[in-house]
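What follows is a short report on a single structure.
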Amino acid sequence: MFKDIEEALRFIKDKKIVMIDLKTADLPGRWRHMVYKSGHNDEKIFTEGTGTSLTSYPGFKTMECGDMTIKPDPTTGFLDPFAEVPTLCFICDIFNNDGTPFDLDPRYVARKAEKYLAKMGLGGYSLWGPEIEFYLFDEVRYGTDIQGARYWVNSSESYWNTWEEGSKGYTLPYTKGSQADLPRDQFCNLRSHIVQYLEEVGVPIKYHHHESGSPGQMEIEAYFTPLVQTGDNVFKLKYIIKNAAVKFGKTATFMPMPLFSESTNGMHYHQYITDGKKSLFYDPKGYGGLNKNGLAYIGGILSHVQAIISLTNGSTNSYRRLGGYRAAPNYVFFSVGNRTAAVRIPSYAINEKEARVEFRMPDATGNPYLSLVAMLMAGLDGIEKKIDPTKAGFGPFENNFNVQEVVEKYKLPSAPNTLQDALAALEKDHDFLTKDNIFPEELVKAWIKVKEELEIAPLQKRPHPYEYDLYYDL
-10 MFKDIEEALR FIKDKKIVMI DLKTADLPGR WRHMVYKSGH NDEKIFTEGT
40 GTSLTSYPGF KTMECGDMTI KPDPTTGFLD PFAEVPTLCF ICDIFNNDGT
90 PFDLDPRYVA RKAEKYLAKM GLGGYSLWGP EIEFYLFDEV RYGTDIQGAR
140 YWVNSSESYW NTWEEGSKGY TLPYTKGSQA DLPRDQFCNL RSHIVQYLEE
190 VGVPIKYHHH ESGSPGQMEI EAYFTPLVQT GDNVFKLKYI IKNAAVKFGK
240 TATFMPMPLF SESTNGMHYH QYITDGKKSL FYDPKGYGGL NKNGLAYIGG
290 ILSHVQAIIS LTNGSTNSYR RLGGYRAAPN YVFFSVGNRT AAVRIPSYAI
340 NEKEARVEFR MPDATGNPYL SLVAMLMAGL DGIEKKIDPT KAGFGPFENN
390 FNVQEVVEKY KLPSAPNTLQ DALAALEKDH DFLTKDNIFP EELVKAWIKV
440 KEELEIAPLQ KRPHPYEYDL YYDL
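Residues in the sequence shown are numbered from -10 upward in steps of one, following our numbering.
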């Protein structure tokens, strides 16, 4: 929003901004914030930053993180559309007290990855276009305690509400919501408000539509932006969607599988390297319109896919979606236009300007910055090592093939079955991340520790409600 600190300070004064909201990314991928009253130390906040403690942030719980400094990036400023008083928000970078960047700051890791690409001499930078899927529910209830575990959701759009009092009959059949029109698409106007908010906070949007899940599944696709900005934008997407849902009396979730047997939520990432005018992956004679670098980039992603997924699919719930469940890819291969592929080459984008790849396995439960870094560094590793995805056995496999025959013949690997399996893969395969200390070894260990100790272990210790169906009377 602003090109420098001076412009931001002028805006605060001229527009009578009351609050300055400083947002920082924690390791799992949630925003934390501190809100300052404007008019006191505005310039100092930008030039020197402000002190904070990260000891409450998962993964940063060390004595060394007790006193840190966060400093707002003036280029990230946006007016909060949900604040009741004029509030200007900024995304912050984290610094040690000696002024050096904090190595475990996910946004700093993303900056280093961008610099690594620039040093490679390919003559370009990366662009990213995320497609984010989510559910909008009318109501959600959940709880876990010693007496029981339960969850319950409701959606006025769903087929299960056709018999309810006040039903207008315009509900959607099971898994048949894709691109449904009004009046069955009951949340179209809400999505339009969301898109309007997103544009106002600097996130360019391509389109929105109803997704396959009948109880309120949605998709919004953002336009291409550079890596760090895309990380910022994914945080903004989730912030705006959640808050807009609350404003309109709904609730939003990005859980990959919030509902048993219904369509699941992913977040596909379209990506390519550009010189600003054309895609540096393009070759009209290459497979899918890609040159050797474009194909090697695919080879890198598919070679490291198990480790990447530990970062892009950061929840235990993620692995209920993977495994070939509905439209979610399971097997590690690439293809033109095939939406069951882990990496798809969009057939509508085979041209000099837009030639790209789409990684379809991720969801929105990873830290956006770390997810982007994992994909980029894997792809660049493929370019550096000249990994031919065909020689590596990853395809291409086109539409209308027998999946099991291909899997058995080519011994195709599949997505990890659990978050634990994915973390084990990351532990074994992370050299492509730690080049030039971009993704520090300490950060790899911190990610694994947070996931194992704060998510996997607590879940494993609790009985599952379905176990009562299976075993109560045994």
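All C-beta atoms, glycine included, are put in the ideal place defined by N, C-alpha and C.
LYS195 has its alpha-carbon roughly 38 Å from the corresponding atom of LYS400. In the structure shown, ASP82 adopts extended strand secondary structure according to DSSP, grouped into three states. If you look at PRO405, you'll find it isn't in any beta strand (DSSP E); DSSP assigns it neither H nor E. For LEU369, the secondary structure class from DSSP, reduced to helix, strand or coil, is helix.
CA-to-CA, the gap between LYS101 and TYR320 works out to about 31 Å. Fewer than three beta-carbon pairs drawn from the region 229 to 248 and the region 73 to 87 are found closer than 8 Å, and the two stretches are therefore not classed as touching.
For GLN206, the pairing in a beta bridge is given by DSSP as TYR124.
Taking C-beta atoms as the reference points, MET(-10) and GLY191 count as a pair closer than 8 Å.
For the options PHE421, VAL142, ASP370, GLY40, the alpha carbon positioned closest to that of MET246 is the one of VAL142. When the five nearest sequence neighbours on each side are left out, the beta carbons in the same chain lying within less than 6 Å of the beta carbon of ARG130 are those of TRP141, in order along the chain. Here ASN150 has ASN143, SER144, SER156, THR160 as same chain residues with Cβ atoms under 8 Å from its own Cβ, once five neighbours each way along the sequence are excluded. Taking a C-beta distance under 8 Å as the contact criterion, ARG349 and ALA330 qualify as a contact pair. Under the DSSP assignment, PRO95 falls in the alpha helix (DSSP H) whose first and last residues are 95 to 108. Comparing C-alpha distances from GLY137 to each of ILE262, PRO454, TYR461, ASP462 shows the shortest one belongs to PRO454. Cβ-Cβ distances below 7 Å link GLU200 to GLU122, GLY166, SER167, GLN206, MET207, GLU208, SER252 in the same chain, with the five nearest sequence neighbours on each side left out; the list follows chain order.
Distance from the CA atom of LEU106 to the CA atom of GLN295, rounded to whole angstroms, is 22 Å. Ranked by Cα distance from PHE67, the options LEU171, ARG19, TYR186, GLU153 are led by TYR186.
The beta carbons of LEU412 and VAL98 sit no closer together than 8 Å.
Taking one beta carbon from each stretch, the region 215 to 231 and the region 323 to 339 have fewer than 3 pairs nearer than 8 Å; the two do not touch. Shown here, MET244 sits in coil according to DSSP, grouped into three states, outside any helix or strand. Assignment of LEU415 by DSSP, reduced to helix, strand and coil, places it in the helix class.
Boundaries of the alpha helix (DSSP H) around LYS2: -6 to 3. Spanning the alpha carbons of ILE445 and ARG(-1) requires a straight line of approximately 48 Å. Annotated as proximal: THR301 and GLY355, with beta-carbon spacing under 8 Å.
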